[in-house]
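Residue numbers (UniProt numbering): 1 to 176.
1. Please state if the CB of residue 40 and the CB of residue 106 are separated by a distance shorter than 8 angstroms.
2. In whole angstroms, give me the CA-to-CA distance for residue 139 and residue 122.
3. May I ask you to report which of helix, strand or coil DSSP gives residue 55?
4. Expressed to the nearest angstrom, what Euclidean distance is found between the alpha-carbon atoms of residue 73 and residue 93?
5. So is residue 83 in contact with chain C if we call contact Cβ pairs under 8 angstroms?
6. Using only the alpha-carbon positions, how far apart do residue 126 and residue 69 sit?
7. So which of 77, 51 and 156 has the shortest CA-CA distance to residue 131?
8. Could you check if residue 81 is buried or exposed, using at least 16 other CB atoms within 10 Å of its CB as the buried criterion?
9. Counting only the same chain and skipping the five closest in sequence on each side, list residues whose C-beta sits under 6 angstroms from that of residue 52.
10. Within the continuous alpha helix (DSSP H) that includes residue 41, where are the two ends?
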């Protein structure tokens with residue numbers, strides 16, 4: 001093989017390696033572990049059907065409602081922050097995560113939402129705007145956030161990866 005042919009072969013090999021991508025491939029087969037609020041917000045197709053509709057306090061929320069709440073900027077609203085973490089915790093529990101470590105936090109959050117009565121959390125309804133200190137949501141929100149991030153409870157789920165390789169034909173089309 002000539003030097004130029006060897007160089008071309010080496011470049012092809014490098015291009016094939018460079019065009020191999022690794023991307024997250026969630027494995028919902030895992031149980032007794034947690035995913036973050038951001039994961040659930042961006043993967044509604046992974047939500048267990050058994051978890052819907054979901055109750056926060058005395059109010060039932062559809063998947064559309066829950067996504068609206070998850071996408072609502074907190075902007076200092078303790079009720080929205082608590083609702084977001086509660087939604088993620090409920091989805092984790094429905095997916096098999098043990099709630100033992102957060103039982104008191106869940107009860108505290110439900111008590112707070114029960115106090116809202118039939119008012120839905122913003123932006124879905126006209127629920128209260130309050131800071132974490134005026135609503136007293138701070139401790140429950142932090143407890144649920146720790147759970148959802150794997151800092152307490154069963155721990156965070158491992159995210160598997162999948163590798164996709166490109167053929168030489170696919171690589172050539174990129175540079176044409």
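Quick reminder that beta carbons are idealized off the backbone N, C-alpha and C, glycines included. Owing to the predicted nature of the structure, the values given are computational and were not obtained by experimental measurement.
Reading off the structure:
1. no
2. 20 angstroms
3. strand
4. 24 angstroms
5. No chain C is part of this structure, which consists of one protein chain only.
6. 12 angstroms
7. 77
8. buried
9. 63
10. 37-42
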